[in-house]
Structure formats: C-alpha cells, structure tokens
Amino acid sequence: MYNSVLEQLEKAISLKEDGLIPESDAVMNMLSLEVEKIMAQFDEPKEKIENLNFDKSTLSRRGRLLAENDMVMLRNISDEDYEDYMKVSYECAIMKSAFKEDTFKKDLWESFLSDTAANFSIYDKVSGEYVGYCGIKNINVENWELVIELLKKYRHRGYGYHALVVMLNALTELTGKPAYRSRVDSDNYASQNLMKKLGAKPNGISEMFIHGEYLRKFQEENKDLIDDKRRKLAKEFHVAPIDLIGHVLEFRIDWNPTDL
C-alpha cells in the first residue's frame with residue numbers, strides 16, 4: 062500500500078510537469094483515497110489462491126533456455142540477471158526514487174525469484190543483448206496472468222510480441238495449459254493492441270487498487286476523463302464507460318501454438 066501511494070504521487074507530479082492537469086488531478090484524487098484507506102485500515106480483497114501444487118521443475122531450470130525463435134531467446138531467470146532486471150524495472154517504474162533504497166531493490170529481486178512466479182529473461186537472438194523479461198505473475202492460481210517489461214529501446218519493435226508467442230508456445234507444450242489471462246490499463250493502447258495481435262479476447266474488467274465506496278467516489282470525481290476512445294473501448298468490453306474508471310481491462314488468451 063505504501064509503495065502504491067508513492068508511485069501515484071510521483072505519477073501526479075510527472076503529469077503536472079507535462080501540462081496534463083486533469084490527468085494529474087485524477088491521480089491525486091486516487092492518492093487521497095489510498096491515504097484514506099490506510100488511515101481506515103482498509104483491507105483490499107485478495108485474489109483467491111488455489112493450492113494447485115504446480116511442479117515448477119516442469120519449467121526450465123534457473124539460467125537454462127526455455128525456448129527461442131529467429132528473433133528472441135527466453136532463458137529462465139538466474140542470480141546473474143540482477144542488474145538487468147533492476148535496469149528494466151527502473152525504466153518502467155513510476156516511482157523511480159524507490160530504487161535509491163537497497164531494501165526496496167532486495168524485495169523486488171526476491172519477488173522475481175519467488176517460487177510462485179515464473180520469469181524469463183528475453184535476449185536478442187542475434188546480438189545476445191538483454192531486452193527485458195516476460196513471465197507468469199503467479200503459478201499457484203488457476204488463471205495464469207502474463208507479465209512483460211521491456212527496455213525502452215526495444216519497445217515497438219516486435220520484441221514483446223515475439224517473446225510472448227515463444228513463451229506461450231513453450232508453456233502450453235510443457236504444462237498443457239491452454240488459457241491465459243492478461244490485465245491492461247484502459248489508457249494503455251499499445252498493450253491493448255499487443256493483446257489483440259496475440260488473439261486475446263475482451264473478458265470484462267476487474268478492480269485493482271480501490272473497491273466499494275472508494276471506487277464509486279473515484280469514478281464520480283473523474284467521470285470527465287471519459288472520452289470517445291474510452292466509449293469505444295467500453296463497447297468492446299460490454300461495460301458502461303464509467304466502469305473503465307478505476308478498473309483494468311481483462312483479456313483471455315486461448316492459445317494454440319503457432320510459428321512466427
């Protein structure tokens with residue numbers, strides 16, 4: 062919760078500096094709700110964890126190759142990847158000042174290595190350079206959720222698509238799991254397009270940071286953010302435009318292994 066507050070504060074400051082005042086105000090409104098939740102000792106509902114007893118050894122061992130194609134190689138995370146993961150995490154982070162704290166970086170690294178996560182380093186097949194990582198957020202839940210972060214210089218160049226196709230091909234073959242989940246912010250159009258390219262289908266919306274009365278209040282205070290893009294998106298996901306505020310988009314991927 063504390064990290065979430067800090068991230069939103071830095072995001073609001075960044076938006077204001079870029080002249081995006083309404084967007085900055087919207088983030089600050091969310092921030093105020095987060096503070097209220099802390100003071101009221103508000104408990105977020107947790108995602109139900111299934112004790113699936115998934116055998117992680119089914120996947121490649123630490124540092125070993127998972128799969129590859131002509132563009133990318135995917136290798137299971139290893140202890141030697143620390144600096145690369147910190148670099149891509151820093152580039153993708155909203156709250157960059159948190160990386161000044163060794164404790165924060167230690168906790169972040171441990172989350173990457175967690176037994177409940179499956180993360181794979183992405184490398185350029187030709188140059189061998191580190192591109193980013195992709196993986197599964199939590200392998201102990203029934204619906205596996207995709208995660209991916211790339212260094213800025215490799216974005217919008219096809220690496221994300223190739224990495225996810227290679228990973229999904231490998232995971233489906235190794236585990237027999239045919240369906241996956243992805244959650245994307247309603248204003249992250251690049252990631253939405255990536256999901257559609259993978260054949261993902263709209264599967265409703267879900268809550269992330271705020272719930273109940275706090276969510277309704279946030280939606281009312283930020284209903285002016287609804288524009289034509291969000292109205293069109295709401296139709297695709299069969300929800301009211303107001304419900305895109307404070308929620309993330311859910312995509313379902315029914316995967317059939319494919320060649321690129």
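First residue of the sequence shown: 62, per the working numbering; consecutive thereafter. Glycine residues also receive a C-beta, built at the ideal position from the N, C-alpha and C atoms. Given the structure is predicted, the values throughout are model-derived calculations rather than measurements.
Among the options, the one whose alpha carbon lies nearest that of residue i
i           : options            : result
residue 115 : 165, 225, 185, 237 : 237
residue 294 : 273, 305, 84, 175  : 305
residue 262 : 272, 275, 241      : 241
residue 127 : 153, 289, 287, 224 : 224
residue 174 : 189, 124, 245      : 124
Boundaries (first-last residue) of the beta strand (DSSP E) holding residue i
i           : result
residue 312 : 308 to 315
residue 181 : 179 to 185
residue 218 : Looking at the DSSP string, residue 218 is not in any beta strand (DSSP E), and its letter there is neither H nor E.
residue 246 : 240 to 246
Within 7 Å, strictly: CB atoms of residue i and residue j
i           : j           : result
residue 228 : residue 195 : yes
residue 182 : residue 122 : no
residue 259 : residue 314 : yes
residue 203 : residue 265 : no
residue 179 : residue 120 : yes
residue 193 : residue 212 : yes
First through last residue of the alpha helix (DSSP H) which encompasses residue i
i           : result
residue 150 : 143 to 153
residue 273 : 273 to 282
residue 254 : 250 to 258
residue 171 : 163 to 174
Reduced DSSP category for residue i - H, G, I as helix; E, B as strand; rest coil
i           : result
residue 134 : strand
residue 204 : coil
residue 264 : strand
residue 126 : strand
residue 287 : coil
residue 192 : strand
residue 321 : coil
Any chain D beta carbon closer than 7 Å to residue i
i           : result
residue 242 : The chain inventory of the structure shown lacks chain D, comprising one protein chain alone.
For the pair the segment 215 to 234 and the segment 294 to 303, tell me if three or more CB-CB distances fall below 8 Å. The segment 215 to 234 is not in contact with the segment 294 to 303.
Is the segment 213 to 226 close to the segment 164 to 180, with three or more CB pairs under 8 Å? No, they do not touch.
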